[in-house]
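What follows is a short report on a single structure.
Residue numbers (our numbering): 13 to 128.
See below:
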């Protein structure tokens, strides 16, 4: 457990949400994989039968699933980065309280912590 958070409940809540969203993304990846495979099977079956309508519908579904997959990957990357930034900011809060306000340039220098 990371003790730099104010409470462990706060960290557990962030971690639980992160795991839940990762499971949702994984489930969506699996569904897209199944739909894409089914579309490819229907395209191959339609080529053997010679029905152009099934080929076009399956091709459209395949293109839609690939484009949705790209959007899903982008969303997943953004969600992971957001979690990392949130955790990093929460870890910097105690450091700001010890060192001072980091935004105003009041940081400790190498010789400031010496006891005379």
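All residues carry an ideal CB built from backbone N, CA and C; glycine is no exception.
query, result
"Segment contact, 8 Å Cβ cut-off, at least three pairs: the segment 80-95 with the segment 30-50", "yes"
"Pairwise C-alpha distance: residue 36 and residue 89", "14 Å"
"Short Cβ contact (8 Å threshold) for residue 26 with residue 92", "no"
"Residue from 20, 30 and 76 whose Cα sits closest to the Cα of residue 97", "30"
"Closest by C-alpha distance to residue 58, when choosing among 47, 71 and 46", "71"
"Beta-carbon proximity check, residue 74 vs residue 52, cutoff 8 Å", "yes"
"Start and end residues, alpha helix (DSSP H) containing residue 38", "20-61"
"C-alpha distance - residue 68 paired with residue 87, whole-angstrom precision", "29 Å"
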